[in-house]
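Below: the structure, in structure tokens.
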Amino acid sequence: MIQENSMSGRTRATMAAVIGGERRGPLAMLAFVGPAVIASVAYMDPGNYATNIQAGAGYGYALLWVVLVANLIAMLFQALSARLGIVTGRNLAELSRDHLPRPLVFCMWAVSEVAAMATDLAEFLGGAIGLSLLLGIPLMWGMALTAVITYAILLFEAQGFRPMELAIGTMVGIIGLSYLAEVLIAPIDWGQAVGGLTSPSLPDQGALTIAVGIIGATVMPHAIFLHSGLTQNRAILGNDSERRRMVRFSNVEVVIALAGAGLINMAMVMMAASAFHNGHAEVAEIETAYHTLTPLLGGFAAAAFLLSLIASGISSSVVGTMAGQMIMQGFLRVGLPLWLRRAVTMAPAFIVVAMGANATDALVMSQVVLSIALPVPMLALLWLIRKPEVMGDFVPNQTTQAAAAIGAGLVLSLNMVLLLGAFGVEMPFLS
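For what it's worth, the numbering used here labels the leading residue of the sequence shown as 941, then goes sequentially.
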């Protein structure tokens, strides 16, 4: 229960005053900032680092337009997920449990649970790699330190939604400032960058493969589940007029937060293009990129890269654990103690490292698992938002539904291409 004099209680009171027309101004509007910022972490997690480095190192600025398309799709689905939570007061997992057959619900939970673990594998390893490189310690020690830090941040959740939003927002700010520094340090060819953003092209079949990877990993399963839960009880809404205002505020926040995530991803590509494309196009791994940056752009650039990676890994690992908890509670009405939930989601990462597996290979395989799980939240969301018995008068218009269906078709088709390639199925258009 949120206390009225707590940080979260004061934020909720401010939102109520704004929705009721009693307060105005930019400072009051800040009360609505939070859910989309947390969800945006999924779009700049360590998995994105490897893909963006490959895109920039291998193809310069040519694939920036792919990042733009990916973020437009992300905006639409995150806005729809937030809308679902605001209108119904329930999250995607809960609504799926209530409106779908029990056997299907159990299968959805199982697939989503595996996806949560795969998500945390990539994010947890990313943070551990960053700490290992920064402190010069073995990767296993980096993982232990990451575990302690993420658990400490997760304890903020007991204080209500606002402290966690501020903690994650700080991490996002660190990532953004780090890449702003990278862009200022690296000799970016802004003419080519604008051309890559506005002139869609695929230089060769390898570029197509990377484009498939960028778009195919755009909409993260746990982010769709989580966003609906972050908005479901954040504000006290008494009628449809207030819900309509809250949806508008949420849409604005989604656009701003996801645009920020998109700019950070573009900055990753531009930095890699500037530093690696001419002479180091083979750079594809996070560790290699870090060690190569120092002689090319200087120690400060390498340090900024490492700092952003650590913030990305820690924040996205926290968010992944939150999503896993919400998925289990929503589908099964079962909750685990925070320490046990954290242990369950990070266990695969420790097992992978203990077995001596290559960290980058583990990151790639985690993306394959996420590709398998992605249809679960996407299709469930598309099905639920068009049902009047669920959304009432808030069913999206036909244009929005059509755009969402096209976006889902594109993402799921490209995920199928990724999966077929991962299992060794040759496709002529990718050869």
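Glycine included, each C-beta is placed from N, C-alpha and C at the ideal position.
Bear in mind the structure is a predicted one, so any value in this text is a computation, not a measurement.
Span of the alpha helix (DSSP H) around residue i
i	result
Met1211	1180–1216
Met1295	Where Met1295 is concerned, there is no enclosing alpha helix (DSSP H), given that its DSSP letter is neither H nor E.
Pro1043	1042–1075
Val1258	1239–1272
Asp1038	1032–1039
Leu1321	1315–1325
Ala1163	1161–1172
Pro1328	1328–1331
Residue i to residue j span [Cα, whole Å]
i	j	result
Gly1270	Ala1033	5 Å
Gly1135	Tyr1001	8 Å
Cys1047	Ser1248	36 Å
Val1293	Ser1181	52 Å
Leu1166	Met1262	8 Å
Ile1164	Phe1017	7 Å
Ser1256	Phe1245	16 Å
Gly1253	Met1210	21 Å
Ser1214	Thr1228	16 Å
Leu1094	Leu1203	27 Å
Leu1008	Ala1199	9 Å
Ile1026	Gly965	22 Å
Ile1089	Gly1275	22 Å
Met1266	Leu1237	42 Å
Gln1341	Val1351	15 Å
Leu967	Ala1197	17 Å
Asn1337	Leu1324	14 Å
Ser1139	Asn992	18 Å
Gly1113	Tyr999	28 Å
Pro1379	Trp1081	With the chain represented from 941 up to 1371, any question about residue 1379 goes unanswered, as that position is not in the structure.
Pro1127	Leu1035	49 Å
His1231	Arg963	51 Å
Leu1117	Val1195	19 Å
Thr1028	Ser980	22 Å
Leu1075	Ser948	35 Å
Leu1003	Ser1141	7 Å
Phe1216	Ala1242	13 Å
Leu1044	Leu1085	38 Å
Leu1272	Trp1049	8 Å
Ile1346	Glu1122	35 Å
Asn1173	Val977	17 Å
Leu970	Tyr1119	24 Å
Met1356	Ser946	47 Å
Of the residues the options, the one placed nearest residue i, counting alpha carbons only
i	options	result
Met1160	Ile993, Ser1306, Pro1336	Ser1306
Asn1011	Thr1149, Ile978, Ile1155, Asn992	Ile1155
Glu1063	Met1111, Ala982, Gly998	Ala982
Ala1107	Thr1232, Pro975, Arg1281	Pro975
Met1111	Thr951, Met984, Arg1273	Met984
Val1259	Leu1073, Glu1097, Leu1044	Glu1097
Ala1014	Leu967, Ile1312, Ala1344, Asn1355	Ala1344
Leu1322	Ile1312, Gly1349, Ala1302	Gly1349
Arg950	Leu1233, Gly1100, Leu1310, Ala1092	Gly1100
Tyr989	Gly1239, Ile1150, Ala1283, Phe1240	Ile1150
Ser1353	Leu1137, Trp1049, Gly1153	Gly1153
Gly996	Val1195, Leu1074, Ile1115, Ala1147	Ala1147
Asp1060	Leu1310, Pro1328, Arg1273	Leu1310
Phe972	Ile1346, Arg952, Gly987	Arg952
Asn1031	Ala1133, Ala1068, Leu1003, Leu1170	Leu1170
Arg1282	Met1083, Val1006, Trp1005	Met1083
Met1295	Pro1041, Leu1079, Leu1040	Leu1079
Ile1115	Trp1005, His1039, Ala1201	Ala1201
Met1206	Val977, Trp1005, Thr954	Trp1005
Leu1360	Ile1312, Met1268, Asn1218, Val1051	Ile1312
Leu1065	Ile1226, Leu1124, Ile1176	Ile1226
Ala1087	Gln994, Ile1077, Ala1068	Ala1068
Short CB-CB distance (under 8 Å) between residue i and chain D
i	result
Leu1198	In the structure shown, chain D does not exist; there is a single protein chain.
Any non-hydrogen atom of the ligand FMN closer than 7 Å to residue i Cβ
i	result
Ala1107	Among the ligands in the structure shown, none appear at all, so the ligand FMN cannot be discussed.
Which ranges does the alpha helix (DSSP H) cover as unbroken runs of at least 4 residues, wholly within the segment 947–1027, from first to last along the chain? 947–959, 966–969, 975–980, 986–999
Enumerated in chain order, which unbroken segments of the alpha helix (DSSP H) with a length of 4 residues or greater are wholly contained in the segment 1090–1151? 1101–1125, 1130–1138
Hey, is the segment 1313–1326 in contact with the segment 1052–1070, meaning 3+ C-beta pairs nearer than 8 Å? yes
Using 8 Å as the threshold, is the segment 1017–1037 in touch with the segment 1182–1194, meaning 3 or more CB pairs across them? yes
Using a Cβ distance threshold of 8 Å, determine whether the segment 1283–1290 contacts the segment 1317–1334, with at least three qualifying pairs required. no
Spell out a yes or no on whether the segment 956–973 and the segment 1172–1186 are touching, meaning 3 or more CB-CB pairs, one atom from each, closer than 8 Å. yes
Measuring CB atoms only, is the segment 1097–1105 touching the segment 1323–1338, in the sense that at least three cross pairs come out at less than 8 Å? no
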